[in-house]
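Report on one structure; see the data block that follows.
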Amino acid sequence: MVQSIDRSQGRATGGEIGNASAAPATFTGNRALQIEEPLIFEMGQPGRCGVDLPEPAPRSPGVKDRLNGLRRAGDIGLPGLSEPQVVQHYTRLSQKNYAIDMGVYPLGSCTMKHNPRINEKVARLPGIGDLHPLQPVSTVQGALELIDRLAHWLKTLTGMPAVAMSPAAGAHGEMCGMMAISAALEARGERAQRKTVLAPESAHGTNPATAAALGFIVKPIPANERGRVDLTALKAALGPDVAAIMLTNPNTCGLFESEVVEISAAVHAAGAYFYCDGANFNAIVGRVRPGDLGVDCMHINLHKTFSTPHGGGGPGAGPVVLSAALAPYAPYPWIVKDGDKWHVAEDEAKVEGKPLGRLKAFHGQMGMFTRALAYIMSHGADGLKQASEDAVLSANYVMAALQDVMSQAFEGPCMHEALFDDSFLKDTGVSTLDFAKAMIDEGYHPMTMYFPLVVHGAMLIEPTESQAKEDLDLFLGALRSLTAKAKTGTAAEAFKAAPLYAPRRRLDETLAARKPILRWRPSNNPPETDPVKQAAE
Ligand SMILES: *Cc1c(COP(=O)(O)O)cnc(C)c1O
């Protein structure tokens with residue numbers, strides 16, 4: 028069937044923008060084995076079905092309609108496809124994803140590290156993989172013990188006395204931790220007065236968003252010329268109105284906050300709490316315990332530091348370690364042991380605290396817990412420490428290898444990620460975005476761009492400990508070649524045309540954000556089948 032819908036917007040058929048190497052257009056829109064994939068609703072034939080189902084028996088006269096008259100009047104509108112068509116469609120779509128299983132994934136602040144296959148093997152053991160969250164507690168004693176054992180190691184690694192396991196992501200953990208802080212302030216009778224949350228200018232967007240969502244006023248704290256929190260500015264901002272500081276350490280510039288102990292002392296002296304964003308924990312596991320730095324609570328992205336898979340929106344897991352002062356407010360459920368039996372405590376009679384309620388259905392992300400525990404136990408204390416050391420070593424290798432051709436944002440060695448600004452692209456006509464798009468043509472997922480905001484045209488590269496040296500070297504070779512090309516001063520047009528080899532070229536991101544087309548409409552409704560026209564309306 029010839030596709031009747033024009034999906035050519037941004038399609039990477041060749042001949043454009045004066046690039047002689049771009050291939051000519053093909054009849055199908057396919058490029059070699061890269062298939063031009065329609066939406067599933069644009070495929071197939073109405074009425075085609077992958078399974079044979081018997082016709083339902085006719086209703087006997089006089090039997091009441093079981094749906095109480097709510098029978099579907101028209102077609103259900105499911106795409107008509109055979110089983111092989113469905114399998115092929117989703118397999119082809121899956122091949123359009125770039126993934127850590129395919130190559131270097133240098134997305135800074137995301138810790139795209141290898142998910143060891145032992146994690147998957149353990150998570151798929153029938154006794155774990157086939158569990159249902161509504162099973163009677165007596166039948167899931169081992170699973171509850173598994174959650175408790177992971178909790179034990181998270182507390183041990185962070186040097187903190189308690190952990191709330193249920194939050195489903197880092198941002199969710201922030202919400203949990205800041206709700207605990209809010210509850211503790213309420214108990215002190217100071218919630219109304221302490222309305223302000225301090226956050227460094229380099230903070231991840233989720234930090235101010237979390238504070239604002241809980242009704243706090245967010246006050247930014249500037250960075251000093253070393254890329255760390257300006258301690259003097261922080262001290263000046265502290266006062267009886269401050270509830271907490273939200274600080275990432277190592278910070279989002281890839282640097283250890285060397286004055287973190289002074290920061291926590293000043294925050295505590297002002298009667299406020301220290302929320303630590305622990306997304307970058309991978310750089311310090313086994314070497315630094317956040318509890319020793321005066322942290323009151325910190326989320327841990329299991330899907331970053333502890334290697335459980337992420338991307339595409341989930342599932343993640345963001346347990347939050349809590350100080351003794353905040354522990355009583357940890358949300359339900361609490362996994363508690365009574366004699367030799369595990370329980371899921373969900374009411375105040377069964378816990379010693381004042382839980383802030385429930386944040387997540389059931390117990391949290393069981394599959395992620397299992398993978399994280401497998402990771403921790405298979406690495407052991409020495410392996411965890413080595414992983415963080417290797418992550419830092421890799422980032423410094425990247426920094427050193429690119430120092431002469433790209434512009435390092437802050438002097439000195441980095442932690443787990445290397446941050447560059449765009450001054451090396453000055454007067455070339457090439458922007459950070461163009462540079463990142465050109466990386467796609469080289470076969471690499473771009474680094475994090477334009478974050479953190481304290482650096483102009485930021486490029487944040489986090490290689491993690493997973494990459495072999497020769498693979499990193501190839502990646503670095505590609506970056507060096509792109510910098511050389513940009514610096515000729517005549518390549519701006521070529522960079523602006525990138526990516527040439529991706530299934531889609533550059534899309535109109537502004538239009539997509541302003542007028543997202545979230546719903547497919549059938550082609551017998553013509554004005555709405557043209558996505559470009561529809562969006563323009
Ligand atoms: C990833 C990240 C978060 C948010 O974590 P999610 O699991 O994506 O919600 C918060 N802060 C920093 C610094 C991060 O890198």
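With this note's numbering applied, the sequence shown covers 28 to 564.
Glycine included, each C-beta is placed from N, C-alpha and C at the ideal position.
Given the structure is predicted, the values throughout are model-derived calculations rather than measurements.
Three-state secondary structure assigned by DSSP to residue i
i: P235; result: helix
i: Y300; result: strand
i: I467; result: helix
i: L225; result: strand
i: H326; result: strand
i: P83; result: coil
i: L108; result: coil
i: F447; result: strand
i: Q72; result: coil
i: T272; result: According to the sequence as given, residue 272 is Ile; it is not Thr. Here I272 sits in strand by DSSP.
i: A250; result: strand
i: S209; result: helix
i: S291; result: helix
i: L320; result: helix
i: I311; result: coil
i: Q122; result: helix
i: L349; result: strand
i: I12; result: The structure shown does not extend to residue 12, since the chain spans only 28 to 564, so no value can be given for it.
i: V457; result: coil
i: V78; result: coil
i: Q220; result: coil
i: I103; result: coil
Candidates the options, of which the one nearest residue i by Cα
i: G318; options: A352, E82, S334; result: A352
i: D304; options: G281, E201, F243; result: E201
i: H141; options: D500, N423, Y402; result: Y402
i: Y300; options: G254, N251, R215, N328; result: R215
i: V224; options: A195, V164, S87, A264; result: A264
i: G217; options: A226, A198, P267; result: Reading off the sequence, residue 217 comes out as Glu, not Gly. Per the Cα distances, P267.
i: G143; options: L282, P73, I127; result: Per the sequence shown, residue 143 should be read as Pro rather than Gly. Closest option to P143, Cα to Cα, is I127.
i: V378; options: K387, W361, K368; result: W361
i: T195; options: L66, T459, I327, L173; result: Sequence check: residue 195 is Ala here, not Thr. That would be I327, whose Cα lies nearest to the Cα of A195.
i: L320; options: P88, G56, P549, L184; result: L184
i: G186; options: P160, V322, L177, L282; result: V322
Inter-residue Cα distance where the pair is residue i and residue j
i: L383; j: L480; result: 33 Å
i: M404; j: M325; result: 22 Å
i: D465; j: P526; result: With the sequence shown as reference, residue 465 is identified as Ala, and Asp is not the correct amino acid for it. In a straight line, the C-alpha of A465 is about 6 Å away from that of P526.
i: L181; j: A150; result: 19 Å
i: L349; j: A297; result: 19 Å
i: M393; j: H337; result: 15 Å
i: G456; j: F522; result: 9 Å
i: E489; j: A310; result: 10 Å
i: F54; j: I62; result: 12 Å
i: Q435; j: I244; result: 33 Å
i: A422; j: D448; result: 16 Å
i: G204; j: E520; result: 48 Å
i: A207; j: A357; result: 7 Å
i: C137; j: K331; result: 6 Å
i: N46; j: A518; result: In this predicted model, N46 has a pLDDT of only 45, less than 50, meaning its place in the structure is not dependable enough to derive any value.
i: D535; j: K148; result: 42 Å
i: R507; j: P473; result: 14 Å
i: N278; j: F502; result: 25 Å
i: H406; j: D102; result: 54 Å
i: V363; j: V371; result: 6 Å
i: T510; j: A408; result: 40 Å
i: D461; j: V256; result: 31 Å
Near ligand 2: residue i beta-carbon under 8 Å from a heavy atom
i: H330; result: Ligand 2 is not part of the structure shown, which contains ligand 1 as its ligands.
Cβ-based burial, residue i [other Cβ within 10 Å; buried from 16]
i: A539; result: exposed
i: F389; result: exposed
i: E284; result: buried
i: Y117; result: exposed
i: L429; result: buried
i: N276; result: buried
i: Q122; result: exposed
i: A414; result: buried
i: K387; result: buried
i: C76; result: exposed
i: D157; result: exposed
i: G197; result: buried
i: P346; result: buried
i: Q72; result: exposed
i: S450; result: exposed
CB contact below 9 Å: residue i versus chain D
i: T183; result: The chain labelled as chain D is not found in the depicted structure, where only one protein chain is given.
Quiz item: Curious, which full-length beta strand (DSSP E) runs of at least 3 residues does the region 353-428 contain?
Solution: 361-365, 368-372
Quiz item: Which parts of the region 134-204 are runs of the alpha helix (DSSP H), unbroken and 4 residues or longer, counting only runs that do not cross its ends?
Solution: You should have 144-150, 153-156, 168-185.
Practice problem: Kindly provide the ranges of any alpha helix (DSSP H) runs that are 4 or more residues long and lie completely inside the region 485-522, ordered along the chain. | Solution: Taking only runs of at least 4 residues, the alpha helix (DSSP H) segments lying wholly in the region 485-522 are 496-514.
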